[in-house]
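Engineer:
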Amino acid sequence: MEMTGERRIEAPRQRVWDALNDPEALKAAIPGCESLERTPEGGFTARVAVRIGPMAAKFSGKVNLTNINAPESYTITGEGNGGAMGFAKGGADVTLEEATDTVTLLRYAVKAQVGGKMAQLGARLVDSTAKQMADQFFDRFAANIGVPEPEEVAASAAATPVESPVPKAADSAVSGLALVRAMMPREFLGQSMIFWGGLVVWLLMMALIFLG
């Protein structure tokens, strides 16, 4: 499968790049992230738990980085494994474009292959689930890194309080996944769809997190 996207982040490019080097900051944006660790070879490993309603799945993976051009771009290759449920492997190219002094355009292109039970899922369902989970991650990341200026904070405090964008993003992702599950054959319901969506997003998230 292939997945591309672009996100506008209200923060300077250097701040975005620095945040991508901060594991703690990224863990706050990744749903279900349990650990992020460096390996002796210079790569990274991660473990993520994904839960939608009563269903849950855990998977682990490892990645390697190449073509690092700070703070503009890099390439990543990796694989994720969920035991009997299947596995995914592939790569991603990520670029950060300085739209203005305070706005960054983050673009990504992911190519992944899947094996095991996950290979039986329809590509359209896989793409839809992966996109929704990626959107949830990016919404959280953008909300955390896009810190407003002091004047904006004061103006916001004087205005009527509004709900945080993070819960809305999560609600949207859950609703979207519910729709996808309703379209799937009964034999593919349960943990399998959640696991596959998580694997694809894991690959993308690793591309954003591990910049050495």
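Each step along the sequence shown adds one to the number in our numbering, with nothing skipped, and position 66 is 56.
Ideal placement from N, C-alpha and C gives every residue a C-beta, glycine not left out.
1. Exposed or buried, which one is Asp161 when buried takes at least 16 other CB atoms within 10 Å?
2. Let me check one thing: in DSSP terms, what residues is Arg37 bridge-paired to?
3. Looking only at C-alpha atoms, which of Ala99, Ala36, Val93 and Asn57 sits nearest to Lys203?
4. Among all the DSSP beta bridges, which residues are the ones paired with Val104?
5. Measure the C-alpha to C-alpha separation of Glu(-4) and Thr65 and round it to an integer number of angstroms.
6. I need the boundaries of the alpha helix (DSSP H) containing Ala19, first residue and last residue.
7. Figure out for me which residue from Ala18, Val84 and Thr90 has the closest Cα to the Cα of Arg130.
8. If you measure between the beta carbons of Met(-7) and Lys121, is that distance less than 8 Å?
9. Less than 8 Å separating the beta-carbons of Leu95 and Trp7?
10. If you compare alpha carbons, which of Val38, Val84 and Glu88 is closest to Pro2?
11. When we look at the beta-carbon of Gln126 and count the other beta-carbons within 10 Å, is it buried (16 or more) or exposed?
Structural biologist: Quick answer:
1. Because the pLDDT at Asp161 is just 44, under 50, the model does not fix this residue reliably, and the value given afterwards should be weighed accordingly. By the 10 Å Cβ count, Asp161 comes out exposed.
2. Ser25 and Ser50
3. Nothing can be reported for residue 203: it is not among the residues displayed for the chain, which extend from -9 to 202.
4. Ala78
5. 16 Å
6. Where Ala19 is concerned, there is no enclosing alpha helix (DSSP H), given that its DSSP letter is neither H nor E.
7. Ala18
8. yes
9. no
10. Glu88
11. buried
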